[in-house]
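Report on the following structure.
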Amino acid sequence: MTRPDLGSLYRDHLRQLMARADRALAEAGFDGLIVGSGALRYYYLDDSSYPFRPNPRYRAWLPDASPDCFLVYRPGGRPKLLFCQPDDYWYLPPARPEGYWVDSFDLEVVRSPSELRGRVGAGGRWAVLGEPGPATDGLGEHDPPVLVARLDYGRASKTPYELECMALASAAGVRAHRAAEAAFRSGASEYEVHLAYCRAAGAREEELPYNNIIAFDRHAAVLHYQVLDRQRPPGVRAFLIDAGAQHAGYACDITRTYAAAAGTFQELIDAMDAVQLALADRVRPGVDYREIHLEAHRAIAGVLTAHGIVKGSAEAAVESGLTSVFFPHGIGHLLGLMVHDAGGFMAGPAGGTSPKPEGHPYLRLTRTLEPGFVVTIEPGIYFIESLLAQARADARGRMVDWRRVEALAPCGGVRIEDNVVAQAGAPRNFTREAFAAAA
Ligand SMILES: [Mn+2]
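Residue 287 in my numbering is what sits at position 283 of the sequence shown, and the numbering runs on without skipping anything.
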């Protein structure tokens with residue numbers, strides 16, 4: 005498959021970004037924009053730093069991820085990049101950037117972030133996006149809400165460049181997911197699966213968009229399970245992996261669940277796979293994402309009753325709140341430079357909040373989908389002891405077949421998560437596309 009040329013996509017992307025910034029700056033009453041990539045942070049009482057993550061509002065402009073750099077932009081002019089290349093013999097300074105995006109900037113190499121001062125240009129009201137620090141002190145207003153609201157709101161719709169970066173991230177993530185499944189099936193421990201994943205993704209841990217969730221059996225019932233057991237226990241039945249990859253800062257966020265053998269749990273996985281595909285098909289412009297979340301509860305209720313986990317009607321399972329015991333998180337979120345991307349609750353470009361549906365506090369996206377929105381669709385069914393105990397203690401307890409629950413609980417849970425683009429016509433599913441290409 006021939007891929008589109010990132011360079012020309014990037015130039016269009018930057019033009020769109022500048023047009024968006026021009027409008028937002030005018031509406032918010034600013035003359036220019038300074039965006040910092042961020043500074044290294046150090047562990048308490050230590051001289052080693054946390055892994056560096058650039059400011060996503062900086063990364064929206066360019067793929068470089070070096071600390072202490074600044075983008076300086078004034079409408080009507082070319083964006084300037086102050087690229088920090090410290091004179092430092094303890095660490096290797098970042099190389100002067102190269103690649104398809106560099107020619108779009110007036111590049112100035114500086115030795116220290118303090119050189120920003122004096123290069124911003126005279127006069128005007130400046131907005132500074134990024135954490136406050138000595139380099140930007142007094143240069144302008146930090147993260148002015150009227151401006152960041154407009155910029156963040158626009159980031160939900162991805163440009164063709166961003167979509168291509170996300171397709172490339174998905175390809176890397178799927179490559180690694182396949183390696184992880186193979187490792188699981190060949191007897192690896194959680195930790196060894198993780199290493200196989202990183203190797204296939206070509207990523208150090210700190211380059212992953214979020215910490216891998218690699219969970220055997222009951223560990224899958226811990227939604228953000230973070231331990232990687234070094235030993236594989238005997239008789240593992242199930243494997244849930246929620247792991248991503250990135251390209252130029254853009255993330256994929258993929259979850260798959262596997263059964264070690266055919267049987268009841270595999271049937272539950274198959275049923276959830278069908279639910280997941282049907283929900284992913286609803287990702288279309290004009291659809292209120294909250295509706296997809298509520299639809300997920302109805303579909304999951306259908307699976308719970310069809311598989312004898314819940315007795316009675318699917319409607320009663322939704323109405324009593326029983327589905328939230330088995331599916332206690334949101335159906336998904338915006339995805340982009342951040343795994344839970346910016347602006348998920350915004351009512352409009354000027355700000356305001358779009359409320360979550362009552363009784364659904366963990367939903368992370370409440371907007372109506374527009375072309376170019378990339379969202380995750382990640383329905384799940386889990387056997388979480390503490391939530392089950394609460395349900396058992398009240399009226400919902402009578403609606404559950406507890407023997408069925410006890411039989412499935414050792415498998416932990418199922419989640420299947422794809423990354424889906426809203427567009428005219430049928431949605432584009434990055435994840436299924438990448439799995440099909442890899443098969
Ligand atoms: Mn997710």
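In this text, a Cβ means the ideal position worked out from N, Cα and C, and glycines have one as well.
Its chain contains His297, His364, Tyr366, Leu367, Arg368 and Leu369 as the residues whose beta carbon lies nearer than 8 Å to that of Gly334, once the 5 sequence neighbours on both sides are disregarded; these appear in chain order. When C-beta atoms of the segment 306-313 are compared with those of the segment 119-127, fewer than three pairs fall below 8 Å, so the two segments do not count as touching. Where Leu199 is concerned, the enclosing alpha helix (DSSP H) starts and stops at Glu194 to Ala205.
Around the Cβ of Glu319, a 10 Å sphere holds fewer than 16 other Cβ atoms; the residue is exposed. By the 16-neighbour rule on beta-carbons within 10 angstroms, Leu341 is buried. With three or more CB-CB distances shorter than 8 Å, the segment 202-221 counts as touching the segment 244-263. Three or more Cβ pairs drawn from the segment 58-77 and the segment 33-41 lie within less than 8 Å of each other, which places the two stretches in contact. Under DSSP, Cys73 forms no beta bridge with any residue.
Classified as exposed, Gln230 has fewer than 16 neighbouring CB atoms from the shown chains inside 10 Å of its CB. The beta carbons of Phe331 and Ile385 sit closer together than 8 Å. Between Leu392 and Val322, the CB-CB gap reaches or exceeds 8 Å. Short note on Asp72: C-beta not closer than 7 Å to any heavy atom of ligand 1. Between Gly11 and Lys162 a beta carbon distance of about 18 Å is seen, past the 8 Å cut, so the two are scored as non-contacting. By the neighbour-count definition (other C-beta atoms within 10 Å, threshold 16), Tyr54 is an exposed residue. In terms of side-chain proximity, the C-beta atom of Thr370 is found no nearer than 7 Å to any non-hydrogen atom of ligand 1. Annotation: Leu339 to Glu210 spans about 18 Å, alpha carbon to alpha carbon. Beta-bridge annotation (DSSP): Met350 is paired with Thr357. Along the length of the segment 211-299, whole beta strand (DSSP E) runs at least 3 residues long occupy 217-220, 242-251 and 254-263, reported in chain order. Residue pairing by DSSP places Glu374 opposite no residue, since no beta bridge is assigned to it. Annotated as proximal: Tyr165 and Asp16, with beta-carbon spacing under 8 Å. Within the same chain, and ignoring the five residues on either side of Tyr157 in sequence, the residues whose Cβ sits closer than 6 Å to its Cβ are Gly347, Met350 and Pro353. With respect to the C-alpha of Glu112, the residue from Arg419, Pro101, Trp105 and Phe87 having the closest C-alpha is Phe87. Assigned with DSSP and collapsed to three states, Trp406 falls in helix.
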